[in-house]
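Worksheet for the structure shown next.
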Amino acid sequence: MHVLNPALESIGLALPNLGDIDRQTITGAICTGTHGTGAHRQGIAAAVTGLTLVTADGSVVECSAEQHPDIFQAGRVSLGALGVITEVELQCVPAFRLHARESSADITEVLADIDTLVTDHDHVDIHWFPHTDRCLLKCNNEVATAPAGRAGQPLPSWRQALDDRFLSNTVYEQVNRLAALRPALVPRLNQISARALGARQFTDASWRVFCSPREVRFTESEYALPRHALRPVMAELRGWIAAERAPLPFPVEVRFAAADDVWLSTGYQRDNAYIAVHQFHRMDGTASFAAFEEIVTQHAGRPHWGKLHTLGAQQLRAAYPRFEDFLAVRDRLDPDRVFANDYLDRVLGP
Ligand SMILES: Cc1cc2nc3c(=O)[nH]c(=O)nc-3n(C[C@H](O)[C@H](O)[C@H](O)COP(=O)(O)OP(=O)(O)OC[C@H]3O[C@@H](n4cnc5c(N)ncnc54)[C@H](O)[C@@H]3O)c2cc1C
Numbered sequence: 003m004h005v006l007n008p009a010l011e012s013i014g015l016a017l018p019n020l021g022d023i024d025r026q027t028i029t030g031a032i033c034t035g036t037h038g039t040g041a042h043r044q045g046i047a048a049a050v051t052g053l054t055l056v057t058a059d060g061s062v063v064e065c066s067a068e069q070h071p072d073i074f075q076a077g078r079v080s081l082g083a084l085g086v087i088t089e090v091e092l093q094c095v096p097a098f099r100l101h102a103r104e105s106s107a108d109i110t111e112v113l114a115d116i117d118t119l120v121t122d123h124d125h126v127d128i129h130w131f132p133h134t135d136r137c138l139l140k141c142n143n144e145v146a147t148a149p150a151g152r153a154g155q156p157l158p159s160w161r162q163a164l165d166d167r168f169l170s171n172t173v174y175e176q177v178n179r180l181a182a183l184r185p186a187l188v189p190r191l192n193q194i195s196a197r198a199l200g201a202r203q204f205t206d207a208s209w210r211v212f213c214s215p216r217e218v219r220f221t222e223s224e225y226a227l228p229r230h231a232l233r234p235v236m237a238e239l240r241g242w243i244a245a246e247r248a249p250l251p252f253p254v255e256v257r258f259a260a261a262d263d264v265w266l267s268t269g270y271q272r273d274n275a276y277i278a279v280h281q282f283h284r285m286d287g288t289a290s291f292a293a294f295e296e297i298v299t300q301h302a303g304r305p306h307w308g309k310l311h312t313l314g315a316q317q318l319r320a321a322y323p324r325f326e327d328f329l330a331v332r333d334r335l336d337p338d339r340v341f342a343n344d345y346l347d348r349v350l351g352p
């Protein structure tokens, strides 16, 4: 996607929304239901209007809403289970700029006012530091005309290097290494990280604002939840983290997306809030991910297909109204399970 985004910009186009990074292949992003944030914006798979698929017997199938519509509905978020996608057609929008406003905020106040916040801003992204009341609040808005002054300019390259490379990656890696050596220090380290959050505003091409470098390695579990479940789930999660003094140096991220019609999309016919728990890769996240999963599955959570979760086909069948329809397409296109693997056996069944 880091090739696609500037290529689209060069012809005056953009994808309507993007995730946090641009290192994925477009098919990997589509097949796992990758999403960005924005209560009125859908995930990347919803921008797909046509697919070419090479199926298990070597056939080349072109599909869209009109042509083989069932393969199209199943094929967008398909986890590689239906065949190899060789071509995608994407509904783009005219290239646009985003005004970014990032600031430190009180997580309780942000959540109390969340409905207004996501209505008033196109893309709201929240990074809450466990064991603190603070979060980094990012509000990005699409602009026809950039605001006046510095807020209407891209970040100077030195500031970008300082904030996004040095502080968010180089320094942050060292903070996390210290956390891995001394997990008991995590609450204090998070207080320091949260206090270091600065405010900034800038305007740039959409993809430059949506995506940033992520060099500190981590593991992650992310669940989509009905919007009304956000506050209770966050309250339960914060309670568990505090009670267990869970050593989580990475922020918990909260995002939003609008409902779509893609059969296995986390957004299938549901406006979602997303909550993601991260753990530094040198630290064990098992207990935190398990506690998180236990909470979210009580609130109709749907796991991100490309991140950590332990659900199997039986639970996923209950979460996705079109699960059986997806399996029927899979049975038709790959009866001998040429594309099966351990993960697919677990989440879709053998
Ligand atoms: C640092 C980081 C940040 C992330 N940020 C976000 C985010 O902001 N939002 C979000 O939703 N997700 C995010 N993700 C998750 C990420 O978008 C997905 O894991 C994505 O699938 C990775 O793309 P990939 O190209 O590596 O795919 P792979 O891991 O290679 O493949 C993913 C799936 O797609 C299938 N697939 C890939 N190519 C094809 C093809 N040509 N035909 C058929 N099937 C195919 C594979 O079989 C597999 O099932 C992030 C991941 C990382 C590591």
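Anchor point for the sequence shown: position 115 equals 117 in the working numbering, and the numbering is continuous, going up by one each time.
By construction, the Cβ of each residue, glycine as well, lies at the ideal position given by its N, Cα and C atoms.
Please read these numbers as outputs of a predicted model, since none were measured by experiment.
Next item on the list: Return helix, strand or coil for Ala58, following the three-state DSSP convention.
Entry: Ala58 falls in the coil class under three-state DSSP.
Note to self: Using a Cβ-based criterion (distance less than 7 Å to any ligand heavy atom), does Cys33 qualify as near ligand 1?
What the structure shows: At least one heavy atom of ligand 1 is nearer than 7 Å to the Cβ of Cys33, so yes.
Item checked: Residues that Trp130 bridges to, as DSSP identifies them -> DSSP output for Trp130 lists Cys137 and Val254 as bridge partner(s).
Next item on the list: Verify the contact flag: Leu81, CB atom, against every heavy atom of ligand 1, threshold strictly below 7 Å.
Entry: Yes, the Cβ of Leu81 comes within 7 Å of a heavy atom of ligand 1.
Next item on the list: Indicate, with yes or no, if ligand 1 has a heavy atom lying under 7 Å from the CB of Arg272.
Entry: For Arg272, the distance from the CB to the nearest heavy atom of ligand 1 is not below 7 Å.
Next item on the list: Say yes only if the C-beta of His37 is nearer than 7 Å to one or more non-hydrogen atoms of ligand 1, and no if none qualify.
Entry: Remark: the shortest separation between the CB of His37 and any heavy atom of ligand 1 falls under 7 Å.
Next item on the list: Please work out which residues of its chain come closer than 7 Å, Cβ to Cβ, to Phe291, disregarding the five sequence neighbours upstream and downstream, and give them in chain order.
Entry: Once the five neighbours on either side are set aside, the close Cβ partners of Phe291 are Ser223, Val279 and Leu310.
Checklist line | Gly241 beta carbon near ligand 1 (any heavy atom closer than 7 Å) | finding: Incorrect: Gly241 has no Cβ contact closer than 7 Å to ligand 1.
Notebook entry, point to check: In terms of residue numbering, what span does the alpha helix (DSSP H) encompassing Arg161 cover?
Noted result: Looking at the DSSP string, the run of the alpha helix (DSSP H) that includes Arg161 is Ser159 to Gln162.
Next item on the list: With DSSP collapsed to three states, give me the class of Val340.
Entry: Of the three classes helix, strand and coil, the one that applies to Val340 here is coil, per DSSP.
Next item on the list: Specify the secondary structure class of Arg99 as computed by DSSP and reduced to three states.
Entry: In the structure shown, Arg99 falls within a strand segment according to DSSP collapsed to helix, strand and coil.
Check: For ligand 1, is there a heavy atom less than 7 Å away from the beta-carbon of Thr140?
Finding: A quick correction: the sequence has Lys, not Thr, at residue 140. Outside the cutoff, so no.
Check: For Val50 versus Val90, is the C-beta distance shorter than 8 Å?
Finding: The answer is yes: Cβ separation under 8 Å.
Check: Sorted by chain position, which residues of the same chain lie with C-beta nearer than 6 Å to Ala196's C-beta, five sequence neighbours on each side aside?
Finding: Excluding positions up to five away in sequence, the list reads Phe131, Thr134 and Arg136.
Margin query: With distance defined between alpha-carbon atoms, name the residue in Gln317, Phe325, Glu238 and Val298 nearest to Val264.
Written below: Ranking Gln317, Phe325, Glu238 and Val298 by Cα distance to Val264 puts Phe325 first.
Item checked: DSSP state of Cys65 mapped onto helix, strand, coil -> Here Cys65 sits in strand by DSSP.
Notebook entry, point to check: Out of Ile87, Asn171 and Thr312, which has the shortest C-alpha to C-alpha gap to Glu295?
Noted result: Comparing Cα positions, the closest option is Thr312.
Margin query: Measuring only from the beta carbon, is Asp166 closer than 7 Å to any heavy atom that is part of ligand 3?
Written below: Ligand 3 is not part of the structure shown, which contains ligand 1 as its ligands.
Note to self: Is the beta carbon of Ala48 closer than 8 Å to that of Met3?
What the structure shows: Result no, Cβ atoms of Met3 and Ala48 do not sit closer than 8 Å.
Check: In terms of alpha-carbon separation, which member of Tyr270, Thr29 and Thr110 lies closest to Thr88?
Finding: For Thr88, the closest alpha carbon among the candidates Tyr270, Thr29 and Thr110 is that of Thr29.
Margin query: Restricting to runs no shorter than 4 residues, where is the alpha helix (DSSP H) found entirely within the stretch 310-336?
Written below: As far as the stretch 310-336 is concerned, its whole alpha helix (DSSP H) runs of at least 4 residues are 315-321 and 325-335.
Margin query: Taking the alpha-carbon of Pro158 as reference, which of Asp115, His123 and Phe204 has the nearest alpha-carbon?
Written below: Measuring from the Cα of Pro158, the nearest candidate turns out to be Phe204.
Check: Can you tell me whether Asn343 is buried or exposed, with buried defined as 16 or more other CB within 10 angstroms of its CB?
Finding: Under this definition Asn343 is an exposed residue.
Item checked: One or two residues paired with Ser195 in a DSSP bridge -> Under DSSP, Ser195 takes part in no beta bridge, so it has no partner.
Checklist line | Three-state secondary structure (DSSP) of Asn171 | finding: The answer is helix: DSSP assigns Asn171 an H, G or I state.
Item checked: Exposure of Asp124, with buried meaning 16 or more beta-carbon neighbours within 10 Å -> Around the beta-carbon of Asp124, 16 or more other beta-carbon atoms lie within 10 Å, marking it buried.
Checklist line | Beta-carbon spacing of Val298, Ala275 below 8 Å | finding: Contact: no.
Next item on the list: Confirm the yes/no value for this check: CB of Asp22, any heavy atom of ligand 1, distance under 7 Å.
Entry: Under cutoff, so the answer is yes.
Next item on the list: Using 10 angstroms around the beta-carbon of Leu183, count the other beta-carbons present and answer buried if the total reaches 16, otherwise exposed.
Entry: Exposed: under 16 other Cβ atoms inside 10 Å.
Checklist line | Where the beta strand (DSSP E) through Asp206 begins and ends | finding: Counting along the chain, the beta strand (DSSP E) containing Asp206 begins and ends at Arg202 to Ala207.
Notebook entry, point to check: Can you tell me whether DSSP reads Ser105 as helix, strand or coil?
Noted result: It is a strand residue.
Notebook entry, point to check: Excluding five sequence neighbours on each side, which residues of the same chain lie with their C-beta closer than 8 Å to the C-beta of Pro352?
Noted result: Contacts found: Arg339 and Ala342.
Notebook entry, point to check: Roughly how many whole angstroms lie between the Cα atoms of Asn171 and Thr288?
Noted result: Straight through space, the alpha carbons of Thr288 and Asn171 are spaced by roughly 24 Å.
Check: If you check the beta carbons only, do Ile277 and Val235 fall under 8 Å apart?
Finding: A contact, by the Cβ cut-off of 8 Å.
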